[in-house]
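What follows is a single structure, written as structure tokens, with notes after it.
Numbering (our numbering), first residue to last: 62 to 185.
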């Protein structure tokens, strides 16, 4: 491994997505973004550094607008819903769905059944 220290502390270069803190951060979309329901979010952040973050996210049912200014890779673990690009066709999400959202994405995120996903976000 060229350029890597000989003795890196365990976990410094590899992050276990399942190794998240016990206590989540509670949040929700702002009221002006909610289209349906009262979605509540819980986020377990496993890493946050240099504008990047990763962890596990959960949302209760609802729908809200999205206006992304970041990259996000995510893999749905459970639940169901969809994201719909503004003026585009819905992309159905369920356990096993894996996707990348590009900066500049505009549209809606809908959760029909409480959804959990792993995520990696990179700020631009």
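A virtual CB, placed ideally from N, CA and C, is assigned to each residue, including glycine.
Scanning its chain for C-beta atoms nearer than 6 Å, with the 5 sequence neighbours on each side dropped, one finds around residue 176 the residues 120, 140 and 142, in chain order. Note on geometry: alpha-carbon atoms of residue 138 and residue 110 lie some 24 Å from one another.
In the structure shown, residue 94 adopts helical secondary structure according to DSSP, grouped into three states.
If you compare the alpha carbons of 113, 86, 107 and 108 with that of residue 101, the shortest gap goes to 86. Take the alpha-carbon of residue 132 and the one of residue 126: they are about 17 Å apart. In the structure shown, residue 164 falls within a coil segment according to DSSP collapsed to helix, strand and coil.
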